[in-house]
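Asker: The listed protein sequences derive, respectively, from chains A and B.
Each residue of the first sequence is one higher than the last, beginning at 124 in our numbering.
Each residue of the second sequence is one higher than the last, beginning at 371 in our numbering.
From the three backbone atoms N, C-alpha and C, an ideal C-beta is built for every residue, glycine too.
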Amino acid sequence: MSKPQITDPGLSTAETPAAADQRPATNYLRAIGAVAWKDLAAELRSRELLSAMLVFALLVILIFNFALELDVKTRTSVTAGVLWVTFAFAGTLGLNRSMAIEKDRGCLDGLLLAPVDRSAIYFGKVISNLVFMLIVEIIVLPAYSVLYNTNLFQPGLMGVILLGSVGYTAVGTLLSTMSVQARTRDVLLPILLFPVVLPILIAAVKASSGFLQGAEMTAIMPWLNLLIGYDVIFTAIAFMVFDYVVEE
Amino acid sequence: MQPKPRFLSVLDIVSVILLAVATYLALVYAPTEKVMGEVQRVFYFHVAAAWVGLLGFVAAGVTGIIYLRTQNLKWDIIEQAAVEISLVFFFIAIVLGSIWARPIWNTWWTWDPRLTTAAIVEMIYLAYLMLRQGIEDPDRRARFGAVYTLVGAVSVPITFLSIRLFRTIHPVVIGSASAAAEGGFNMTSGMKTAFFFALFAFTVIFADLFWNRIRLGYLAQRVEQLKLKVMQ
Numbered sequence: 124m125s126k127p128q129i130t131d132p133g134l135s136t137a138e139t140p141a142a143a144d145q146r147p148a149t150n151y152l153r154a155i156g157a158v159a160w161k162d163l164a165a166e167l168r169s170r171e172l173l174s175a176m177l178v179f180a181l182l183v184i185l186i187f188n189f190a191l192e193l194d195v196k197t198r199t200s201v202t203a204g205v206l207w208v209t210f211a212f213a214g215t216l217g218l219n220r221s222m223a224i225e226k227d228r229g230c231l232d233g234l235l236l237a238p239v240d241r242s243a244i245y246f247g248k249v250i251s252n253l254v255f256m257l258i259v260e261i262i263v264l265p266a267y268s269v270l271y272n273t274n275l276f277q278p279g280l281m282g283v284i285l286l287g288s289v290g291y292t293a294v295g296t297l298l299s300t301m302s303v304q305a306r307t308r309d310v311l312l313p314i315l316l317f318p319v320v321l322p323i324l325i326a327a328v329k330a331s332s333g334f335l336q337g338a339e340m341t342a343i344m345p346w347l348n349l350l351i352g353y354d355v356i357f358t359a360i361a362f363m364v365f366d367y368v369v370e371e
Numbered sequence: 371m372q373p374k375p376r377f378l379s380v381l382d383i384v385s386v387i388l389l390a391v392a393t394y395l396a397l398v399y400a401p402t403e404k405v406m407g408e409v410q411r412v413f414y415f416h417v418a419a420a421w422v423g424l425l426g427f428v429a430a431g432v433t434g435i436i437y438l439r440t441q442n443l444k445w446d447i448i449e450q451a452a453v454e455i456s457l458v459f460f461f462i463a464i465v466l467g468s469i470w471a472r473p474i475w476n477t478w479w480t481w482d483p484r485l486t487t488a489a490i491v492e493m494i495y496l497a498y499l500m501l502r503q504g505i506e507d508p509d510r511r512a513r514f515g516a517v518y519t520l521v522g523a524v525s526v527p528i529t530f531l532s533i534r535l536f537r538t539i540h541p542v543v544i545g546s547a548s549a550a551a552e553g554g555f556n557m558t559s560g561m562k563t564a565f566f567f568a569l570f571a572f573t574v575i576f577a578d579l580f581w582n583r584i585r586l587g588y589l590a591q592r593v594e595q596l597k598l599k600v601m602q
């Protein structure tokens with residue numbers, strides 16, 4: 124397995140060894156930033172992905188209204204579930220599209236040619252996917268609050284949504300990179316993603332409904348720990364195996 | 371084309387005999403359980419099938435990691451064999467469990483940690499097979515398969531833990547049972563004989579099927595290579 128090493132032509136003899144040691148780390152961060160920024164800039168101009176995710180998310184909430192008869196009584200118990208199903212569905216839409224764009228126009232090959240560690244590409248994509256997902260969530264929350272007259276703006280819930288989205292995009296980005304390279308790409312991602320991302324959804328739903336129903340912190344803590352543990356473990360795994368997924 | 375190894379043929383026959391004996395022990399030899407009656411006899415094969423499913427699951431995860439380290443297609447064939455066998459045996463375990471649960475729990479299915487986790491494992495296996503089906507290049511197919519089994523192998527225990535934070539009603543016959551479990555019992559010596567023999571028999575059957583499936587994988591690979599040669 125040959126991996127392009129980080130090389131910097133500007134690293135001349137004039138620089139002190141200390142500066143040379145610093146270089147790869149900043150280069151790595153800059154590469155992550157560049158990949159993420161490229162996605163965000165492209166999205167800022169076309170707004171294809173965000174508008175699709177957003178409209179889809181609102182439609183899902185609309186459908187839930189009729190499917191579950193969201194009256195005042197049931198609302199308190201199912202709000203967390205409805206929210207997370209919406210985020211998960213809208214999330215797969217975004218993940219699929221964001222990776223398909225790279226694959227279709229050969230952008231992924233271009234990215235792979237860049238003289239940076241490949242995990243930088245992974246983290247860049249994770250950040251842009253995470254930002255898209257968070258933007259959708261930030262818009263869905265007030266919409267849901269207004270439509271169903273429940274206050275969703277609680278700091279605890281925001282924390283849960285952030286933790287859940289991090290884990291979801293960490294695994295989702297890895298799996299969508301695989302699914303876009305398969306023949307049945309569009310249908311494959313949810314099938315691959317949902318069974319392995321289940322712990323995130325269980326913990327996030329439990330923690331969210333805990334916050335919404337004003338449960339004790341001791342009851343919510345195990346779920347938060349689970350979320351944090353999952354985020355750390357799967358970010359680490361994706362970091363280690365991403366090379367194998369993009370290798371030619 | 372290599373001939374079938376002699377030992378494998380012997381193992382095939384031994385497996386069939388062991389299965390027959392295990393069936394006899396489970397259905398005739400073991401005493402009838404007092405409370406649950408005849409339906410309890412499902413237990414022997416249920417646990418044995420789940421055990422084999424678990425063996426396959428662990429084997430798939432380990433061979434996935436080994437494949438990623440060595441990039442040797444041999445390990446990919448072994449991994450796929452483990453996944454397929456595990457898929458079938460977990461399915462058998464789920465079906466047998468349902469048959470037992472209908473009279474005992476009064477339902478075919480409940481969202482208990484073990485049942486749910488077994489169902490999730492099946493889903494992961496199906497996704498794994500669909501992923502493989504969609505990729506033609508053997509090296510890439512092997513790499514993606516290995517990555518996905520690794521992700522699955524790590525996520526399944528976490529899923530189990532997270533569902534376990536709810537209460538469970540699945541009985542724990544071996545080890546200590548929780549107070550909420552329904553349908554637990556203590557094994558008599560006759561039951562223990564049938565139980566451990568079923569475990570042993572299924573382990574041998576697992577080894578036999580595993581070996582046969584790996585051999586099939588090699589043959590399939592050979593056919594693919596010959597096809598390519600003919601086309602050129």
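Measuring straight from C-alpha to C-alpha, what distance separates residue 516 of chain B and residue 175 of chain A?
Answerer: Distance between the alpha carbons of residue 516 of chain B and residue 175 of chain A: 33 Å.
Asker: Under 9 Å, Cβ to Cβ, is there at least one residue of chain B near residue 336 of chain A?
Answerer: Judged by the 9 Å Cβ criterion, residue 336 of chain A is not in contact with chain B.
Asker: Using the Cα positions of residue 374 of chain B and residue 203 of chain A, report the straight-line distance between them to the nearest angstrom.
Answerer: Their Cα atoms are separated by approximately 57 Å.
Asker: Can you check whether the CB of residue 414 of chain B is closer than 9 Å to the CB of residue 438 of chain B?
Answerer: No, these two residues do not count as a Cβ contact at 9 Å.
Asker: In or out: residue 576 of chain B buried (at least 16 other Cβ within 10 Å) or exposed?
Answerer: Answer is buried; the Cβ neighbour count reaches 16.
Asker: Alpha carbons only, please: which of A:190, A:227, A:235 and A:341 is nearest the one belonging to residue 158 of chain A?
Answerer: Comparing Cα positions, the closest option is A:235.
Asker: What number of angstroms, rounded off, separates the C-alpha of residue 508 of chain B from the C-alpha of residue 244 of chain A?
Answerer: Cα to Cα, residue 508 of chain B sits roughly 25 Å from residue 244 of chain A.
Asker: Check the Cβ of residue 238 of chain A against every Cβ in chain B and list those closer than 9 Å, keeping chain order.
Answerer: None at all; the shortest Cβ gap to chain B is about 23 Å.
Asker: Considering only residues of the same chain and omitting the five flanking positions on each side of residue 449 of chain B, which have a CB-CB separation below 7 Å?
Answerer: These residues qualify, in order along the chain: 430, 433, 434, 437, 515, 516 and 519.
Asker: For the alpha helix (DSSP H) containing residue 411 of chain B, list its first residue and its last residue.
Answerer: No alpha helix (DSSP H) contains residue 411 of chain B, which DSSP labels as neither H nor E.
Asker: With burial defined as no fewer than 16 other Cβ atoms inside 10 Å of the residue's Cβ, what is the status of residue 192 of chain A: buried or exposed?
Answerer: Counting Cβ neighbours within 10 Å, residue 192 of chain A comes out exposed, since fewer than 16 surround it.
Asker: Using DSSP with H/G/I as helix, E/B as strand and the rest coil, what is residue 403 of chain B?
Answerer: Strand.
Asker: Comparing the C-beta of residue 302 of chain A with each C-beta of chain B, is any distance below 9 Å?
Answerer: Interface residue, yes.
Asker: What are the start and end residues of the alpha helix (DSSP H) that includes residue 348 of chain A?
Answerer: Per DSSP, residue 348 of chain A belongs to the alpha helix (DSSP H) from 340-369.
Asker: Under 8 Å by Cβ, that's how I've got residue 322 of chain A and residue 528 of chain B pegged, so tell me the actual separation to the nearest angstrom.
Answerer: Between residue 528 of chain B and residue 322 of chain A the Cβ distance is about 4 Å, and since that is below 8 Å, they are a contact.
Asker: Alpha carbon to alpha carbon, how far is residue 572 of chain B from residue 411 of chain B?
Answerer: Distance between the alpha carbons of residue 572 of chain B and residue 411 of chain B: 16 Å.
Asker: Using alpha carbons as the reference points, say which of B:557, B:581 and B:379 lies closest to residue 406 of chain B.
Answerer: Out of B:557, B:581 and B:379, B:557 has the C-alpha closest to the C-alpha of residue 406 of chain B.
Asker: Exposed or buried, which one is residue 380 of chain B when buried takes at least 16 other CB atoms within 10 Å?
Answerer: With fewer than 16 Cβ atoms within 10 Å of its Cβ, residue 380 of chain B is classed as exposed.
Asker: Please compile the residues from chain A whose C-beta is within a distance smaller than 8 Å of the C-beta of residue 399 of chain B.
Answerer: The contacting residues do not exist; residue 399 of chain B stays about 39 Å from chain A at best.
Asker: Classify residue 169 of chain A as buried or exposed, calling it buried when 16 or more other Cβ atoms lie within 10 Å of its own Cβ.
Answerer: Residue 169 of chain A is exposed by the Cβ-count criterion.
Asker: Between the stretch 305-326 of chain A and chain B, which residues of the former have CB atoms less than 7 Å from a CB of the latter, in chain order?
Answerer: The residues in question are 305, 306, 307, 311, 314, 315, 318, 319, 321, 322, 325 and 326.
Asker: Give the list of continuous alpha helix (DSSP H) stretches no shorter than 4 residues that lie fully inside the stretch 207-257 of chain A.
Answerer: Complete alpha helix (DSSP H) runs here, min 4: 230-236.
Asker: Do residue 304 of chain A and residue 505 of chain B count as a contact pair if the criterion is CB distance below 9 Å?
Answerer: The answer is yes: Cβ separation under 9 Å.
Asker: Using only alpha-carbon positions, find the residue among A:262, A:274 and A:181 that is nearest to residue 195 of chain A.
Answerer: Nearest option by C-alpha distance: A:274.
Asker: For a contact meaning CB atoms closer than 7 Å, what does residue 225 of chain A contact in chain B?
Answerer: Chain B residues near residue 225 of chain A: none, gap ~16 Å exceeds 7 Å.
Asker: List the residues of chain B whose Cβ lies closer than 9 Å to the Cβ of residue 370 of chain A, in chain order.
Answerer: Result: 509, 510 and 513.
Asker: Determine the chain A residues that contact residue 519 of chain B at a beta-carbon separation under 8 Å, and present them in chain order.
Answerer: Residues of chain A passing the Cβ test: none, with the nearest at roughly 11 Å.
Asker: At the 9 Å Cβ level, is residue 503 of chain B part of the contact set with chain A, yes or no?
Answerer: Judged by the 9 Å Cβ criterion, residue 503 of chain B is in contact with chain A.
Asker: Taking only beta-carbon atoms, is residue 352 of chain A less than 9 Å away from chain B?
Answerer: With 9 Å as the cut-off, residue 352 of chain A counts as an interface residue toward chain B.
Asker: Which of the three DSSP states is assigned to residue 555 of chain B in this structure?
Answerer: In the structure shown, residue 555 of chain B sits in coil (DSSP, three-state: anything other than H, G, I, E or B).
Asker: Would you report the Cα separation of residue 401 of chain B and residue 281 of chain A, rounded to the nearest angstrom?
Answerer: Their Cα atoms are separated by approximately 58 Å.
Asker: Pair every Cβ in the stretch 290-305 of chain A with every Cβ in the stretch 238-256 of chain A, then say whether three or more of these pairs are closer than 8 Å.
Answerer: With a cut-off of 8 Å, the stretch 238-256 of chain A and the stretch 290-305 of chain A count as touching, because enough Cβ pairs lie within range.
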